[in-house]
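J.: Residue numbers (the working numbering), protein chains in the order written: chain A, 1 to 69; chain B, 1001 to 1336; chain C, 2001 to 2353.
Take this structure first; my questions come after.
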């Protein structure tokens, strides 16, 4: 449905963010996310940040699994 | 537009200006004893088996990080010859140049061809130049043909892979395709990636010095390593078992592919060979490659099997098996 | 890095999946990117036989009917409009031709990564009329609306969109009974939040929001199996690093400003009332259908194609008479074969047959 790519914000300017995913950089729209700062991680889809993400690994999923077992 | 400094239709009309162009650009850079003013090169070839190949080059933009169409046109043909185990000897080139093409860029292209040819040990022995009207071609198109001598005892072919052989790739994959994608600036992505474009005759010689028992060498150009593996699987009627995690891909290439939803195995390379050797020679061949100028990141990426002939089966990051999707034409970035 | 530890957890999820000995069940991955990743990772190979994965309708390309392509082709060829599109749509067959075909006939088709790029293209080429093909679900629609907002802000007058945007809630209702558990599309939930999924669980429809990496997918599947064995309807958000309960209110507000619900034709599922979106604000300017007076197209799909049933989980791609024969990724007949994430394409490309 929607390819998403986690990326790190390296720069912010006028509602635009430059993000870095493993060395691939692109300017994206940060209009939908409030208070983004360099160093934050976002999920990118079709040139916009659709969510601020808590970290760049899947720790939370691991915790969920832990809770379940 | 300043006419001086650009290629005009008169440069292709066969008159004085054509000679000027040839003298100023091509003779200047390509000079060697076998390149004469006659209608054809005359070569003294010894007996034996020769590889002979031709290839056309169109690339937009004509110059890109890590090379230009000139370097590409020499590497492409040199590498095609090298894939047959041949030592490349002579090359010819034909240019179709768009009216208005900058003379300076043309000179850079010719200079790159000369440098690359020298490195690969080939002589440019004949050439042709045509100028086409504005818009009839995109910048410059180059066709090169080349001939090379195959050493005795060497016989490589896409049909010679046998179960048990190991599959090597001579370096990290997909950089050329990625570079061109970025250079076209269609998608606004930046990354510090340069083309892998390189002449590989030396690498092939280094491998043949280890053993002449190399079954397949193939240049993974357009279509990438994935396409080459499918070609070999079909030609040799074998299965290819690919270890997805062993395939060397630079992180930034992965990042670009991630953004655009592309598979690195299908990105073009211009300086990467897929090599298939009997298992007993694989480590020595790999060691020789890793000493090489362009092949330091060579890796074993899989094995030839007798399962599912014609198909490439991938062991994935979770250790499960899946089919590598067969190649399917134009690479289109996807959002879904 | 905690790679090793994560590896262990991954094994735990995997153990649960591989050792599952509970009752048989059908899990529908609603999202096409899930379908694609599940195939790419070979996850089907490790599922026990009684666990069936069904590929759902969550691929915008697959559910977009042929007449949408016909409209786009008409705009490109009859109106000389520059059509900007995601790469996904280029090869989708229309009644007569695909956009690739229109391009070969001289139509201007520009592939973009983002709707914002389409809008920028319009700004850079004021002499051209530019239309963006706006397909997608809740995840993608905000980007299209942002491009309209940008056009509005910059006073760009040569930019409009052709909408085929869809929303999931009504589709879930239409799919009721197709599966025992839904694997919810994580990036849709990133926008919409999880309220709907929770209320569906209260109505007896179980589901897990899943992420897209190997670990995330395995964890979501393991959770689905564990919970299913407990016998009660359930909902779990197994993608909490991206999906919050409230989603993205900003995105929903933006979409609400620019678009409104309409009935929508889903290839395969038919007309679902209220499941589409069309331009609400200044349609004369921003809705390409209104702006160019696009005639009503009567899209014709190949009658032998069973994409519709495939999308509803009623048959497998391999049950279709033209699958792998007349219809293959190089010459797709149905939309499910076109998109890399379409069920048929995934079956054709990845399935070990």
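Using N, Cα and C, we set each Cβ at its ideal position, and we do this for glycine too.
Note that the structure is a prediction, hence the values are computed from the model and not measured.
1. So with CB distances below 8 Å, who are the chain A contacts of residue 1328 of chain B?
2. Please go through the same chain and pick out, in chain order, the residues whose beta-carbon is closer than 7 Å to the beta-carbon of residue 1222 of chain B, but skip the five residues on each side of it.
3. Kindly indicate which three-state DSSP category residue 2187 of chain C falls into: helix, strand or coil?
4. Helix, strand or coil for residue 2331 of chain C? Go by DSSP, reduced to three states.
5. From residue 2161 of chain C to residue 1024 of chain B, what does the alpha carbon distance come to, in whole angstroms?
6. So which of B/1089, B/1322, B/1213 and B/1011 has the shortest CA-CA distance to residue 1046 of chain B?
7. When you compare the CB of residue 1336 of chain B with every CB in chain A, is at least one pair closer than 7 Å?
8. On the premise that residue 2131 of chain C lies in contact with residue 2061 of chain C, defined as a C-beta separation below 8 Å, what is that separation, rounded to the nearest angstrom?
9. What does residue 43 of chain A reach in chain C if we use C-beta pairs closer than 8 Å?
10. Would you call residue 2240 of chain C buried or exposed, if buried means 16 or more other Cβ atoms sit within 10 Å of its Cβ?
11. Short of 9 Å Cβ to Cβ, which residues in the region 2298-2314 of chain C face chain A?
12. For the putative contact between residue 2169 of chain C and residue 2196 of chain C, defined by C-beta atoms under 8 Å, what is the C-beta separation to the nearest angstrom?
13. Taking Cβ-Cβ distances shorter than 8 Å, what residues in chain C pair up with residue 37 of chain A?
14. List, in chain order, every chain C residue whose beta-carbon is nearer than 7 Å to that of residue 51 of chain A.
15. Within 10 angstroms of its Cβ, does residue 2149 of chain C collect 16 or more other Cβ (buried), or is it exposed?
16. Chain A beta carbons: is any one of them nearer than 7 Å to that of residue 1258 of chain B?
17. Do we get a CB-CB distance below 7 Å when we pair residue 2124 of chain C with the residues of chain B?
18. Between which two residues does the alpha helix (DSSP H) containing residue 2291 of chain C stretch?
19. Give the range of the beta strand (DSSP E) segment to which residue 2209 of chain C is assigned.
20. So that I know if they touch, is there some Cβ in chain B lying closer than 7 Å to that of residue 22 of chain A?
21. Mark residue 1013 of chain B as exposed unless 16 or more other C-beta atoms lie within 10 angstroms of its C-beta, in which case mark it buried.
22. Please name the residue, chosen from B/1098, B/1189 and B/1193, that lies closest to residue 1129 of chain B on a Cα-to-Cα basis.
23. Beta-carbon separation of residue 1276 of chain B and residue 1161 of chain B under 7 Å?
24. May I ask you to verify whether the region 1070-1088 of chain B touches the region 1188-1203 of chain B, counting CB pairs closer than 8 Å and requiring at least 3?
25. Rank B/1253, B/1192 and B/1306 by C-alpha distance to the C-alpha of residue 1264 of chain B and give the top, closest one.
26. Under the three-state reduction of DSSP, which class applies to residue 1148 of chain B: helix, strand or coil?
27. State the CB to CB distance for the pair residue 2228 of chain C and residue 2022 of chain C, rounded to an integer number of angstroms; the pair is presumed to be in contact (CB under 8 Å).
28. Would you check if there are 3 or more beta carbon pairs closer than 8 Å linking the region 1160-1176 of chain B to the region 1024-1037 of chain B?
29. Across the region 1280-1293 of chain B and the region 2023-2039 of chain C, are there enough close Cβ pairs to call them in contact, namely three or more that are closer than 8 Å?
30. Identify every run of the alpha helix (DSSP H) within the region 2060-2091 of chain C, keeping only runs that are complete inside it and at least 4 residues long; order them along the chain.
31. Given that residue 2339 of chain C touches chain B, what residues does it touch there, using C-beta distances under 9 Å?
32. For residue 19 of chain A, decide whether its Cβ has a neighbour in chain C, counting only Cβ atoms nearer than 7 Å.
33. Drop a sphere of 10 angstroms on the beta-carbon of residue 2260 of chain C, count the other beta-carbons inside from all chains shown, and report buried for 16 or more, exposed for fewer.
34. Taking the CB atoms as reference points, tell me whether residue 2342 of chain C and residue 2031 of chain C lie closer together than 7 Å.
35. Can you list, in chain order, the residues of the region 2196-2219 of chain C whose Cβ is nearer than 8 Å to any Cβ on chain A?
36. Taking C-alpha atoms, which residue in A/33, A/61, A/37 and A/64 lies nearest to residue 2253 of chain C?
T.: The relevant details are as follows:
1. Residues of chain A passing the Cβ test: none, with the nearest at roughly 17 Å.
2. 1268
3. helix
4. strand
5. 52 Å
6. B/1089
7. yes
8. Contact between residue 2061 of chain C and residue 2131 of chain C fails: their C-beta atoms lie close to 18 Å from each other, not under 8 Å.
9. 2187, 2190 and 2242
10. buried
11. none
12. 6 Å
13. Near residue 37 of chain A there are no residues of chain C at all, since even the closest Cβ is about 17 Å away, more than 8 Å.
14. Neighbours of residue 51 of chain A in chain C, taken as residues at a C-beta separation under 7 Å, are given in chain order as 2190, 2242 and 2248.
15. buried
16. yes
17. Interface flag for residue 2124 of chain C against chain B is unset, since no Cβ pair is found closer than 7 Å.
18. Per DSSP, residue 2291 of chain C belongs to the alpha helix (DSSP H) from 2288-2291.
19. 2206-2210
20. yes
21. exposed
22. When the alpha-carbon of residue 1129 of chain B is set against those of B/1098, B/1189 and B/1193, the nearest one is in B/1098.
23. yes
24. yes
25. B/1253
26. strand
27. 7 Å
28. no
29. no
30. 2060-2063 and 2066-2077
31. 1334 and 1336
32. no
33. Flag for residue 2260 of chain C reads exposed.
34. no
35. Listed by position along the chain: 2211, 2212, 2213, 2215, 2216 and 2219.
36. A/33
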